[in-house]
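With this note's numbering applied, the sequence shown corresponds to residues 3 to 551, in that order. First comes the structure, then the notes that go with it.
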Amino acid sequence: MTLYADGGKIPFPNRRDHPPHIPTGTSGYEVFTFYPTLEEFRDFKGCIQKIEAIGAHRRSGICKIVAPDGWTPRPSKGKFKYMDSQVEHFIIQSPVRESVECQNEAIVKSNHVYKKSMTASEYRKLAESSKYRNPCPDLRGKDMENQYFKTMFTSHPIYGADTEGSFYDEDVNEFNMKRLETILDETKAATGGKVIKGVNSVYLYFGMYGASFAWHVEDMELYSINYLHYGSPKYWFAIPPEAAPRFERLMRQQFPLQDRQCKAFMRHKSFMVLPSLLEKHKIPYGTMIQYPNEFIITFPHGYHMGFNLGYNIAESTNFATDRWIDFGKNAVLCKCRSDMVEIDMTPFMKKYRRDDFEKWYSYWYLPKPATELDALTKKKKRKREETSFIESFSKMGGKRQRTSEGTEIIVGPLIDVNLGDIVIAWMDGGSRVRQGRVERLVLRTLLTIDFEDGSVSENTLPSDIVQCGCIQQQGCRDGRHQSGSRVKVRWNDGDLYDGYYRCISKNIDYTVAFANGSTAQLPRADLYGADDIVPPEVRRRLRRTVYKC
């Protein structure tokens with residue numbers, strides 16, 4: 003199997019249709035590309051074994067496989083064409099409109115159902131219209147990435163994701179997603195043929211420029227396979243599994259409210275951070291561009307995200323190998339949403355991990371014997387008292403979003419520290435660390451503005467906007483403007499500066515009173531509440547003053 007990475011040699015017949023990718027991620031973590039022969043390609047499990055024998059799964063969270071020259075999943079139709087009647091009249095179920103909001107240095111993505119259904123032909127016309135097509139299709143590498151991250155706040159692409167179906171011919175045996183014949187097929191046998199949509203069945207994806215998928219790992223830490231049938235490329239970012247724990251810690255820091263709401267909140271597939279933040283925290287990542295007739299394989303516990311560069315059609319499903327069992331048996335699952343996937347690992351452990359089964363089963367499923375120490379250390383949960391003021395914020399603070407199926411979810415309460423709570427305050431960069439009591443909560447509305455000089459302000463007050471270019475003036479109340487609208491901002495020096503409105507955020511500042519009679523108004527990020535884990539450094543600096551009620 004020919005391997006390409008780090009600018010290596012590409013087989014000549016493939017160079018025109020499969021141009022080399024110029025890596026833009028961390029040096030040493032470039033994504034591998036494989037060129038199997040037709041004989042190798044006929045053995046799916048053998049391909050995966052060879053790929054992992056080389057160490058592709060350790061190098062990055064994904065790899066790319068280029069199909070042998072001349073191979074097609076639809077030999078009865080020939081080369082894939084969007085005017086094909088099978089494709090043109092295909093019904094896309096519940097396409098969604100995507101939108102994103104900034105949250106400090108991170109991004110929250112939400113989906114809202116655009117239509118109950120539409121044909122692939124209707125979707126293609128929409129994707130290729132002037133409103134939705136790629137504004138700069140000739141960009142490459144970092145320029146292409148920067149263009150996407152620049153426009154993601156102002157564009158609202160439509161994504162025809164998670165629609166059941168396949169465009170493979172029935173008699174195609176190579177890499178046929180409807181029958182990959184891996185051990186994941188045993189889930190059907192164990193459940194009487196039950197189908198887990200998108201996991202042991204196949205999903206189609208109709209994309210346009212900017213339509214994206216947020217950082218995530220697959221359900222139950224499974225592998226996945228994604229084939230691009232037709233159209234513009236997909237662009238992928240991936241983190242090696244060995245760096246996943248560091249990445250998860252970063253995401254918990256960036257999204258503390260969501261982390262408290264759900265310990266597996268990354269399975270919501272709604273959260274993104276920019277590559278620059280990964281670089282800042284020294285988390286390695288790789289990138290890859292996927293062209294038609296190419297496969298992307300994602301590995302267990304390999305975080306990945308990406309976006310489409312224009313109209314395209316892709317197909318995807320999950321699969322498993324023996325190596326997956328050691329990831330699946332310890333998968334942390336989301337319990338806050340009813341549509342989350344859970345696979346009973348007991349049959350796999352009994353069959354493939356017989357020596358470990360008893361210990362694993364007793365740890366996860368059998369009740370733990372109570373001890374005297376448990377009784378001494380058990381703490382009674384403190385009931386928090388809430389005023390109507392707090393209740394009003396709690397009700398408005400649960401942000402509603404829609405999944406790709408259109409169901410509403412609450413992604414986290416706005417308030418998690420309440421009036422009267424004792425907190426530890428981190429002030430002046432840690433030079434002052436004191437214990438105090440929350441006296442007052444102040445709601446602040448802040449705007450994020452991209453200035454023409456390239457700088458960004460995330461704490462602009464609505465009153466600082468003296469002029470805007472919004473088409474609908476009635477949409478400019480309470481600091482809300484149309485995303486991407488041109489604005490004039492009065493800065494602290496009194497001068498006016500031109501920029502573009504990105505998004506609005508609601509923040510709460512907490513007025514904390516200390517034992518010496520002083521007070522400080524602080525953001526939530528500078529406070530440690532009763533339910534927070536206090537880092538050792540904060541405890542070391544804490545002045546142990548007693549607040550007298």
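Note that beta-carbon positions come from the ideal geometry of N, C-alpha and C, so glycine has one too. From a predicted model like this one, the values you see are computed outputs, not experimental measurements.
Rounded to the nearest whole angstrom, the C-alpha separation of Tyr125 and Asn148 is 26 Å.
Secondary structure in the region 158 to 229: the alpha helix (DSSP H) runs of 4 residues or longer, each lying completely within the stretch, are 188 to 192 in chain order. Per DSSP, Val419 has no beta bridge partner at all. Runs of alpha helix (DSSP H) with 4 or more residues, each lying fully within the region 68 to 105, are found at 87 to 90, listed in chain order.
Of all C-beta pairs linking the region 260 to 276 to the region 233 to 248, fewer than three are shorter than 8 Å, placing the two stretches out of contact. Burial is judged here by how many other beta carbons sit within 10 angstroms of a residue's own beta carbon; Ser78 has fewer than 16 and is exposed. Boundaries of the alpha helix (DSSP H) harbouring Cys49: Phe46 to Ile56, taken from the DSSP string. Residues of the same chain with a CB within less than 7 Å of the CB of Val540, apart from the 5 flanking positions on each side, are Ile426, Trp428, Val435 and Tyr530 in chain order. DSSP places His270 within a helical segment (H, G or I) once states are collapsed to three. DSSP, read as helix, strand or coil, puts Ser465 in helix. Taking 8 Å as the cut-off, the beta carbon of Leu449 is found closer than this to the beta carbon of Tyr503. The criterion of a C-beta distance shorter than 8 Å is satisfied by Ile315 and His231.
For Trp326, no beta strand (DSSP E) encloses it, and the DSSP letter there is neither H nor E. The beta carbons of Gly312 and Asn136 sit closer together than 8 Å. The distance from the Cβ of Val33 to that of Thr289 is about 7 Å, consistent with a contact at the 8 Å cut-off.
Around the beta carbon of Trp326, 16 or more other beta carbons lie within 10 angstroms, which makes this residue buried.
At a Cβ-Cβ threshold of 8 Å, Glu441 and Thr521 count as neighbours. In this structure, the CA atom of Asp324 is about 35 Å from the CA atom of Val110. Three or more beta-carbon pairs drawn from the region 153 to 170 and the region 200 to 208 are found closer than 8 Å, and the two stretches are therefore classed as touching.
Residues Met3, Gly48, Cys49 and Lys52 of the same chain have their beta carbon placed closer than 8 Å to that of Glu42, with the five preceding and five following residues left out of the count. The Cβ atoms of Tyr225 and Ala322 lie closer than 8 Å to each other. Taking the C-beta atoms as reference points, Arg269 is found no nearer than 8 Å to His303. Gly57 counts as exposed, since fewer than 16 other C-beta atoms from the protein chains shown sit within 10 angstroms of its C-beta. Taking 8 Å as the upper bound for CB-CB distance, Gly212 and Pro159 are in contact here, some 4 Å apart. It is roughly 7 Å from the alpha-carbon of Val197 to the alpha-carbon of Ser203. With contacts defined by Cβ atoms closer than 8 Å, Lys490 and Gln523 do not form a contacting pair. Under the three-state reduction of DSSP, Phe249 is assigned to helix. Judged by their CB atoms, Ser318 and Asn228 are nearer to each other than the 8 Å cut-off. The DSSP-derived three-state label of Met154 is coil. Taking 8 Å as the cut-off, the beta carbon of Phe177 is found closer than this to the beta carbon of Phe46. The count of Cβ pairs closer than 8 Å, one atom from the region 342 to 356 and one from the region 178 to 189, reaches three, so the stretches are in contact. Among the bridge pairs identified by DSSP, Trp428 is matched with Val435.
Rounded to the nearest angstrom, the gap between the Cα atoms of Glu100 and Ile291 is 22 Å.
No Cβ-Cβ contact shorter than 8 Å links His306 with Gly519.
Around the beta-carbon of Glu360, fewer than 16 other beta-carbon atoms lie within 10 Å, marking it exposed. Burial is judged here by how many other beta carbons sit within 10 angstroms of a residue's own beta carbon; Asn420 has at least 16 and is buried.
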